[in-house]
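Engineer: Numbering (the working numbering), first residue to last: 6 to 283.
Idealized CB from N, CA, C, for every residue including glycine.
None of these values were measured; they are calculated from a predicted model.
Pasting in a structure now, in structure tokens, and then I'll have a few things to ask.
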Amino acid sequence: TFFGGGFGARARRERSNRGDDLRYDMTITFDESFTGVEKQIDVPRLAACDRCSGSGAEPGTGQETCPGCGGSGQIRRSAQSFFGQVVTTATCPTCGGGGRILKSPCTQCRGQGRVQKSKRLAVKIPAGVDTGSQIRISGEGEAGLRGGPPGDLYVVLRVKAHPQLARHEQDVLFELRVNMVQAALGDRIEIPTMEGPVEIAIPAGTQHGQSFRLQGRGMPDVRGGRRGDQYVVVQIVIPKDLDLEQKALLRKVGGLTGKPEKVSKGFFDRLRDAISLD
Numbered sequence: 006t007f008f009g010g011g012f013g014a015r016a017r018r019e020r021s022n023r024g025d026d027l028r029y030d031m032t033i034t035f036d037e038s039f040t041g042v043e044k045q046i047d048v049p050r051l052a053a054c055d056r057c058s059g060s061g062a063e064p065g066t067g068q069e070t071c072p073g074c075g076g077s078g079q080i081r082r083s084a085q086s087f088f089g090q091v092v093t094t095a096t097c098p099t100c101g102g103g104g105r106i107l108k109s110p111c112t113q114c115r116g117q118g119r120v121q122k123s124k125r126l127a128v129k130i131p132a133g134v135d136t137g138s139q140i141r142i143s144g145e146g147e148a149g150l151r152g153g154p155p156g157d158l159y160v161v162l163r164v165k166a167h168p169q170l171a172r173h174e175q176d177v178l179f180e181l182r183v184n185m186v187q188a189a190l191g192d193r194i195e196i197p198t199m200e201g202p203v204e205i206a207i208p209a210g211t212q213h214g215q216s217f218r219l220q221g222r223g224m225p226d227v228r229g230g231r232r233g234d235q236y237v238v239v240q241i242v243i244p245k246d247l248d249l250e251q252k253a254l255l256r257k258v259g260g261l262t263g264k265p266e267k268v269s270k271g272f273f274d275r276l277r278d279a280i281s282l283d
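If you want it as structure tokens, here you go:
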């Protein structure tokens, strides 16, 4: 809000009497960040005093113009210097810049117009939020001093890690572990998604680090845009403890397939290309 002319003193008083903004840290699950959720929270804060309705004055009494500054909230001091008379302006110490003082302070809040209370609020968290997202709730911060405007409440979110899925911006990542036979011959495997299990086909000859995209299976955009995608990154698990028969079979297969070709790109380069992180 912009003020000019005769509203300058009132603007200064409102700024000085405005309540503080508050921060509330909230933790939600990975699934809740996908669907959105409404949470009930209890916020301890300074609220308007019931006895004086936030004015700070004892009921039946009121405020009067500050005799120290004449209602301007500021005092002017002049001093003589080598360059002439110098005038300085400072906040009035009598009224604290408000321009008015109480005739009789409220006995419950001691003239502050606010007391410590806790308020329960319903917070609607939209789908697609991530760790660090903030939700601003206007006017739900601390009450202003002696009837001043309240501050705002900022709910800062932290999203718990998922046991199987990870997130990059709006995309969801899943590491699929397969054995050598599944990678070589192909297979149909059930994987988790944000909307439940889905069966996908792993083609024959799948390579370690190869990724598959499930379009539209990622996180929703909190601003209402398109959903991200889910990327399935294949990790081929090499067995460590083989018996003699298994070793013989692998040597035989290795002799039939020959030496592998040189890979031009590493795993992270291929993943970066797949999900266009560059």
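Taking only three categories from DSSP, how would you classify Thr6?
Structural biologist: If you number the sequence shown from 1, residue 6 lands on position 1. Here the model assigns Thr6 a pLDDT of 24, short of 50, so the residue's position is not dependable and the matter cannot be decided.
Engineer: Is it the case that the Cβ atoms of Cys71 and Cys114 are separated by a distance below 8 Å?
Structural biologist: One-based indexing of the sequence shown puts residue 71 at position 66. One-based indexing of the sequence shown puts residue 114 at position 109. Cβ distance not < 8 Å, so Cys71 and Cys114 don't count as in contact.
Engineer: Would a C-beta distance cut-off of 8 Å place Gly61 and Ala148 closer than the cut-off?
Structural biologist: Position 56 of the sequence shown, counted from the first residue, corresponds to residue 61. Position 143 of the sequence shown, counted from the first residue, corresponds to residue 148. Contact: no.
Engineer: Might you give, ordered along the chain, the residues of its own chain that have their beta carbon closer than 7 Å to the beta carbon of Gly221, omitting 5 neighbours on each side?
Structural biologist: As a position in the sequence shown, residue 221 is number 216, starting the count at 1. Here the set comprises Arg232, Asp234.
Engineer: Taking Glu37 as the reference, which of Asp248, Thr136, Gly89 has the closest Cα?
Structural biologist: Against the sequence shown, residue 37 aligns to sequence position 32. Per the Cα distances, Thr136.
Engineer: Short of 8 Å in beta carbon distance, which residues of its chain neighbour Ala166, apart from the five on each side in sequence? Order them along the chain.
Structural biologist: Here residue 166 is taken as the residue at index 161 of the sequence shown, counted from 1. Here the set comprises Phe35.
Engineer: Count the other CB atoms within 10 Å of the CB of Leu5; is the residue buried (16 or more) or exposed (fewer)?
Structural biologist: No information on residue 5 is available, as it lies outside the stretch 6 to 283 that the chain covers here.
Engineer: Which residue comes first and which comes last in the alpha helix (DSSP H) that contains Met185?
Structural biologist: Position 180 of the sequence shown, counted from the first residue, corresponds to residue 185. Note, Met185: alpha helix (DSSP H), 185-190.
Engineer: Look at Tyr29 and Val160 and say whether their C-beta atoms are less than 8 Å apart.
Structural biologist: Reading the sequence shown from its first residue, position 24 is the one you call residue 29. Reading the sequence shown from its first residue, position 155 is the one you call residue 160. Contact flag set, yes.
Engineer: Buried or exposed for Val186, please, with buried defined as at least 16 other CB atoms from any protein chain shown within 10 angstroms of its CB.
Structural biologist: As a working note, residue 186 is residue 181 in the sequence shown. Val186 should be labelled exposed.
Engineer: From the DSSP output, in three-state form, read off Arg56 for me.
Structural biologist: The sequence position of residue 56 within the sequence shown is 51, counting from 1. Three-state DSSP puts Arg56 in coil, outside helix and strand.
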